[in-house]
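So the sequence shown is numbered by my numbering: it starts at 247 and just counts up by one. Positions of the beta carbon are idealized from the N, C-alpha and C atoms, including for glycine.
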Amino acid sequence: MKSERASEEALIREKLIASANNETLEYVKEKAEEVKRLMTYFRCAMMEIETKFKVLNEEFSLKYDRNPICSIKTRIKSMPSITEKLERKDLPFDIESIENYINDVAGIRIVCSFTEDVYRLADALLKQDDIMLIRKKDYIENPKKNGYRSLHLIVAVPIYLAHEKRLMKVEIQLRTLAMDFWASLEHQLRYKKDFEFSEKMQEELFHCAEQSAALDMRMDNLRKSIMND
């Protein structure tokens, strides 16, 4: 973990040096520290959201006698990915660009047992008075063309520091086990190095996504008939 952060800090300095032109190295060092601090704030926001979902999972386990969450995965976007995204948007590499225009620096993925759990957890989170919804994209009701399904939320959550409160953005993906299984394998297959992904393969993946969605529906129906919740 320390080596990864050291590499990120070195890359931050390298990017800043490249863009600083005639600015002093002291300026570069100062900005690199600011970026490092910003990434820490994103980590704190991610932990806040993770804790909220863990609390909801415990509450729902009491109410429904089962845990709706199967797994929680968190990640902070790497500095090369942030830089690449800024370049695609034709934005400068600076604090303001990262904080204002990159919505998925902090990311959390919630994998649920059933589709109903996805919406139940999302609704419960968004009802909390310290959560501000910035954007919602429902790829379950409206799947992507390749068959991808998931519920995406961009939210702002306050983090409380020693002398200030800051609102930080976090991207949340909620999906079922079936959706996560398909998305993980789709990524492995599509982005295999030195291999051209054909249209026929794309069609096959789409059909797999349809079968996955049908499985979710059947399992949801079975859950309703057994648990009646």
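Could you work out which residue in the options is closest to residue i when comparing CA atoms only?
| i | options | result |
| --- | --- | --- |
| residue 467 | 354, 363 and 308 | 363 |
| residue 398 | 380, 404, 449 and 408 | 380 |
| residue 378 | 401, 299, 342 and 457 | 401 |
| residue 367 | 318, 435 and 442 | 318 |
| residue 457 | 428, 333, 283 and 411 | 428 |
| residue 470 | 310, 343 and 279 | 310 |
Compute the Euclidean distance between the alpha carbons of residue i and residue j, then round it to the nearest angstrom.
| i | j | result |
| --- | --- | --- |
| residue 308 | residue 293 | 23 Å |
| residue 302 | residue 459 | 25 Å |
| residue 328 | residue 348 | 8 Å |
| residue 374 | residue 297 | 13 Å |
| residue 299 | residue 320 | 12 Å |
| residue 555 | residue 430 | The structure shown has nothing for residue 555, since the chain only spans 247 to 475. |
| residue 446 | residue 435 | 13 Å |
| residue 412 | residue 345 | 12 Å |
| residue 338 | residue 304 | 43 Å |
| residue 335 | residue 465 | 41 Å |
So, are the CB atoms of residue i and residue j less than 9 Å apart?
| i | j | result |
| --- | --- | --- |
| residue 394 | residue 432 | yes |
| residue 323 | residue 351 | yes |
| residue 376 | residue 416 | no |
| residue 451 | residue 392 | yes |
| residue 288 | residue 414 | yes |
| residue 295 | residue 371 | yes |
| residue 389 | residue 291 | no |
| residue 383 | residue 341 | no |
| residue 325 | residue 386 | no |
With DSSP as the reference, label residue i as helix, strand or coil.
| i | result |
| --- | --- |
| residue 406 | strand |
| residue 374 | coil |
| residue 397 | strand |
| residue 332 | helix |
| residue 390 | coil |
| residue 416 | strand |
| residue 472 | helix |
| residue 312 | coil |
| residue 462 | helix |
| residue 341 | helix |
The segment 348-364 contacting the segment 312-323, beta-carbon criterion three pairs below 8 Å:
yes
Is there contact between the segment 352-359 and the segment 414-423, where contact requires at least three CB pairs shorter than 8 Å?
yes
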